[in-house]
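Novice: First, the structure itself, so that you have it in front of you.
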Amino acid sequence: MAVKISTLEERISVPAEGDNPLNTQEYFINMGPQHPATHGVLRLMLKLDGETVREVIPVLGYIHRGIEKIGEHQTYRQFVHLTDRCDYLSAMMNNWAVSLMVEKAMQTQLNDRIEYIRTIMAELERIQSHMLWWGVLGMDLGAFTPFLYGFRDREMITDIFEETIGCRLTMNYIQPGGLMDDIHPNFVKRVKDVIAYAKPKIDEYEELLSGNVIIQERLRNVGTITAEQATSLGVTGPVLRASGVALDLRRVAPYGAYGQVDFEVAVGSVGDCWDRYWVRVEEIRQSFRIIEQLIDNIPAGKTMLSKPAKKIILPEGSHYAQLETARGILGIYAVSDGKSENPVRIHMRSPNYHNVWSVDAMTRNARIGDLVANISSLDIVVPDIDR
Amino acid sequence: MLENLLTHSAFEILTLSDRAAQALAENPWEAAGYTLLALGGTGAFLSLLGMALIYVERKVAAHFQCRLGPMRVGWHGMLQSIADALKLLQKEDIIPEKADKLLFFLAPVFSIIATVLALIIIPMSPSLQVVDLNIGVIFISAVGGFGVLGILLAGWSSNNKWSLLGAMRAGAQFISYEISVTLSLLVITLLAGSLQLSEIVQSQQDGWWIWRGHIVGVVAFFVFIISSTAELNRPPFDLPEAESELTGGFHTEYSGLRFSFFFLAEFINMFIASALGATLFFGGWMPFHIGGFETFNSIMDLIPPGLWFAGKTAFIVFLMMWVRWTFPRLRVDQLMRLEWKFLLPVGFINLFAAATIVLTKLYFFPGQ
Amino acid sequence: MGLITEKFPEHIEKMPGGSFMLTRMDQVMNLARSNSLWPLTFGTSCCAIEMMMATGASRHDIARFGAEVARPSPRQADLIIIAGTIVKRMAPRLRTLYEQMAEPRYVIATGACTISGGPFIYNSYTTIRGADEIIPVDVYVPGCPPRPEGLFYGLLTLQRMIKEGETVRKPGIRKKPVFSALPPDISMKEIEEQMKAVLEKDSEVDVEKTRKGLTWPTGI
Amino acid sequence: MTEKSPQDNKHPEKPAQQPSTPESSAPKPTPPPAPAKPEEQVEKPPQPPELTLKVCAAISECKPYSAASDCPTVEVIPENLVKVLTALRDNQDFAFSMLMDHTAVDRIEDGKFELVYRLYSLTTLSMLLVSTKIPRDKPIIPTVSHLWDIAEWQEREVYDLFGVLYDNHPDLRRVFLEDDWVGFPLRKDYKDDFMLTLDIDSLRE
């Protein structure tokens, strides 16, 4: 068995194929790591033929911080705060994934108050993440104004987080065994205010962006991936649902309080950028619906099951828990030796890492403008890809 | 008909070049003074107007986006553009090592020269025009084509693939949309019967072409405004410098003063396109007249022509800014499709309709 | 003390009546520079969101300070806001970006990761412990991530530093050491003392006065 | 949030005082001891979960996983890996159409890498873990990138961080680190001059 290991230089030095009747020459161009459209430090090598993209080669690692290695030297409680910094737009859902893994391994039953607050917080986080995505999509397509509108409304949700948690972005709020602290007395009122304010705004924004002819032209039938392709590519979240696969862990394997609420899973049909757009906008509405059902009935109870224990030692063996973040399925896989507080191996099944590779399948033989729309509709967060 | 219009005119056209020519016989120094005034005035106007437009753009954008915009330098940030200009003057001037140095140096100069050449024939008021060419409309088209040369050279000489892509986009876009602009200019030329800008203004004494030419005028105006936005590389047609696609497009490698030339040329070109639109469709400096209502017309004449011109131009400039901060960008093929499959046929049909109108004299307010 | 004094140091001696005019000119230039800081669109991780919040969001609106013209090309940018962790693979790119920027150029480092490596110092095989190992940093804004207000404070500090003519790397001096441009009768030590006095003066805060205006929410 | 809160707050104080001894392991179950979830109950007795037995009955190359796992797990030898995974994907009873995750665990005490394939079925909504062990000194395994597209990149990640070599992989190169990086950082014996190590355990005491 001979294994061939290639390098990037070899990869991009493929000679151009000369079967084109116009005798054009293909060339490689480097997009990123500092590029406005790549949402951070993603680097793409594009094989172009004029304006047409023949191949996209993502080059990762520009923010690879070795979180899995650090995690092997940290306790589970400490590892929670590193997950904040992976997918910082679904920070609390990342915390929840670690907590869920630990609680599942310890066979802990949580009370309803914890579950309700976790669910509400996660949905608020999902809304703010999608709002930011909505604005950034506008900016990537060349309309700067939606970007600011999206940010303006996201700010209100950030205020709620700040009041309760004291932090705006990296929360570290959901912890193994409960919550960091109880909610602020104003929390319920503020959430209701936001819902009353933002629900009509969503319709208004849809008029600004969704009703626009240029947006429709730019998104419809662009970057189509079929359900089979999507499944094989392992994409999850809104990207998979836009292709017509109704895999939403909140519905198929309810965790938190999702089993007790009534909501619909938005599913697309074609799998193009427009479907991904539509699925996310619909998810904002459904998240509001979930919060509306829960916010009035938060039961009483403790927010931390016991005093923060000094040690969490998971039973020997492998443990896995997964949940649905704003971008897809996040799984935390931990192997414990049953003796130490630190895991032998901790691994994050990152939704963005799995989603980002579909950009090549989407963008083959499309234009550079389509590539930007595709990256934007994938809604990737680069630190979560690289970890 | 045209002679009639001119003899009835209340406005005497006196351009700076005319004055210089008149003065040449009596006093050559006066002629030289007028020439210098024209040169210096154009230069000063260019830079001041550019800075003012940049400030206005930033403020308009800010207010569209529910924020304040520049606030710190001067009252409500009035001096912000001056600070930017001073800073850009002082920035280090980088010429990439592998760039074609001569062309890299020439590209912004071409860009700004084209702008200046177009600026001098805009009639801002009866007495505020540098030169009044009898082929004004053709001259503007020709000089406008010169400007894209600067962009193409910039993209080529930077030795940067993104720049080259931007430049090629600019070239393709300009050539395509130039046809539509010219077609809509031809409509007004047909209606007015002249290529000279001052005569086109005079011909609107009984009413602006946008409604004297009724449907034809309105269609021509919309074709003009869409395709001239495209020619200016402004959103939604800003593909040559599409920030999220090509980083900076053709000016990626430019810094400091050279970059500010492109920046300035872009904004002055916006002014020129708006001024041209105002001149051709809204009567330029001509006050709001309705043929036959002499009392009303004389009341309108009380407002100085310069203000009329400024107001109309500002309206079109605002229209362009409004579009810029509302619409997303088109894709390359969609851009071409819009031109070749929609605007071009519409432009041709409109031209035929205009010819019919001129032959049958079906204007509104036909005048004398 | 900027470009002019550096390029034409002999003019200062030759001018009759002191170096009044040139100094004024320099101050005007510094004023212009400080009020027109165009940032590079550069952000690696979480701090970038808060940076976007500061530069973009209508509530904070960095445009008030004339710094909203985010340039995607480093050639046209004056300011690089390093927002997020810098890892080994990114470090050469960051250095390249910095070197591509045209000369008066400034750096603000936001967030714990950029200042020191943050939570990724230990047991990480890639994280650079502080962006100042790669490029000179003018202003550090701590936080994880800092609030937009924190970034504004950093920006205003940078503006003040430029107005005073004292940044980490003096503007406009690329080939010569810093003090070669100094007039003969001023020593580096005097400047240091003056700067110290300025900084001490500015850092005076009336604690009592501040406390009076502060009402802490009692509900918590 | 209304009537319940006073009595509910008092009630759980008792268990809250108990822990903090080093033996007691973190979050305690809630005072009214609710029955554990059914899927967690099954892993306690040595009897493997139902799905594992079903898979083992259908595909003869699999055997139940020896170590503890919270999810149905089968173990295969590296030579049979591709065959088993193909069967699992194409068998209509299982239809594991998604390769959810693929990673490695460095079992340095056994001198082996454990490779873990997490399969997910969209029809039965069940999850299966396929585990295989390869020697640390000769880490070669056939690729499965022809079965699932995503496997190509998951395998690249494992190669990058663990140095597992995939046979017949279309494009095996590093994904996070530079091409000239020496060593594979997630191996337990990875040493680096740059890396600062901190013994947290010694600090805690």
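As you go down the protein sequences, you meet chains A, B, C and D in turn.
For the first sequence, the positions run 19 to 405 when the numbering used here is used.
For the second sequence, the positions run 2 to 369 when the numbering used here is used.
For the third sequence, the positions run 56 to 275 when the numbering used here is used.
For the fourth sequence, the positions run 792 to 996 when the numbering used here is used.
Even glycine gets a Cβ: it sits at the ideal position worked out from N, Cα and C.
The model shown is predicted, which means the values in this text are computed figures rather than measured ones.
1) Hey, out of B:L265, B:L191 and B:K102, whose CA is closest to F353 (chain B)'s CA?
2) Under DSSP, the beta strand (DSSP E) around I931 (chain D) begins and ends at which residues?
3) Can you pull the chain C neighbours of S256 (chain B), defined as C-beta to C-beta under 7 Å?
4) Taking beta-carbon pairs under 8 Å, can you tell me which members of the stretch 90-107 of chain C lie near chain A?
5) Which same chain residues, not among the five before or five after I135 (chain A), have their C-beta less than 8 Å away from its C-beta?
6) Just reading off the beta strand (DSSP E) that Y351 (chain A) is part of, what are its end residues?
7) DSSP state of I123 (chain B), grouped into three classes?
8) Since V220 (chain B) is in the alpha helix (DSSP H), which residue starts that stretch and which ends it?
9) If we call anything under 9 Å between Cβ atoms a contact, is I81 (chain A) one with G139 (chain C)?
10) Give me the Cβ distance between S408 (chain A) and R144 (chain A), rounded to the nearest whole Å; I'm assuming they're in contact under 8 Å.
11) Of the residues A:E224, A:V154 and A:V116, which one's Cα is nearest the Cα of R303 (chain A)?
12) Using 8 Å as the Cβ pair cut-off and three pairs as the minimum, do the stretch 252-265 of chain B and the stretch 289-306 of chain B touch?
13) Relative to the C-alpha of M189 (chain A), which residue among C:T212, C:L86 and C:C199 is closest?
14) Residues of chain B with a CB under 7 Å from the CB of D116 (chain C): which are they?
15) Return yes when the Cβ of K87 (chain A) is within less than 9 Å of the Cβ of S179 (chain C), no when it is not.
16) Measuring only between beta-carbons, confirm whether P333 (chain A) sits less than 9 Å from chain D.
17) Could you tell me the distance, in whole angstroms, from the CA atom of I416 (chain A) to the CA atom of S112 (chain B)?
18) Quick one: Cα of V240 (chain A) to Cα of A384 (chain A), how far?
19) In the DSSP assignment, what are the bridge partners of P926 (chain D)?
20) Can you check which of these residues, C:P174, C:I190 and C:I163, is closest to F207 (chain C) by C-alpha distance?
21) Mind checking which residues open and close the beta strand (DSSP E) that includes D897 (chain D)?
22) Using Cβ-Cβ distances below 8 Å, what residues of the stretch 165-179 of chain C are close to chain D?
23) In angstroms with no decimal places, state the Cα-to-Cα distance between P51 (chain A) and L149 (chain C).
24) The beta strand (DSSP E) with S336 (chain A) in it runs from where to where?
25) List, in chain order, every chain B residue whose beta-carbon is nearer than 7 Å to that of D158 (chain A).
26) Under 9 Å, do D171 (chain A) and K219 (chain A) count as touching if we go by C-beta distance?
27) Does K244 (chain C) come within less than 9 Å of chain D when only Cβ atoms are used?
28) Does E123 (chain C) come within less than 9 Å of chain B when only Cβ atoms are used?
29) Take the Cβ of I350 (chain B) as the centre, count every other Cβ of all protein chains shown within 10 Å, and call the residue buried at 16 or more, exposed below.
30) Scan the stretch 361-379 of chain A for residues whose Cβ lies nearer than 8 Å to a Cβ of chain G and list them as they occur along the chain.
31) For G166 (chain C) and F169 (chain A), what's the separation of their Cα atoms in angstroms?
32) Go to L66 (chain A), then tell me how far its beta strand (DSSP E) extends in each direction, as first and last residue.
33) Cβ atoms of G75 (chain B) and L184 (chain B): under 9 Å apart, would you say?
34) Mind checking who S860 (chain D) pairs with in its DSSP beta bridge?
35) My understanding is that A22 (chain B) touches I273 (chain B), with C-beta atoms under 8 Å, so please give their C-beta distance in whole angstroms.
36) Alpha carbon to alpha carbon, what distance is there between S336 (chain A) and A817 (chain D)?
Specialist: Checking against the coordinates, here is how it stands:
1) B:L191
2) I931 to P933
3) R130, Q131 and A157
4) L95, T96, F97, G98, T99, S100, C101, A103, I104, E105 and M107
5) L197, I201, I316 and T321
6) I347 to S354
7) coil
8) H215 to E232
9) yes
10) Given a span of 19 to 405 for chain A in the structure shown, any question on residue 408 (chain A) remains unanswerable.
11) A:E224
12) no
13) C:C199
14) R68 and L69
15) yes
16) yes
17) With chain A running from 19 to 405 in the structure shown, residue 416 (chain A) is simply not present.
18) 8 Å
19) D:K903
20) C:I163
21) M889 to R898
22) I176, Y177, N178 and S179
23) 10 Å
24) G335 to E342
25) S245
26) yes
27) no
28) yes
29) exposed
30) Of the protein chains in this structure, namely A, B, C and D, none is chain G.
31) 21 Å
32) R61 to D67
33) no
34) A:S336
35) About 25 Å; that fails the 8 Å criterion.
36) Residue confidence for A817 (chain D) is low, a pLDDT of 40 falling below 50, so the modelled location carries little weight and cannot support an answer.
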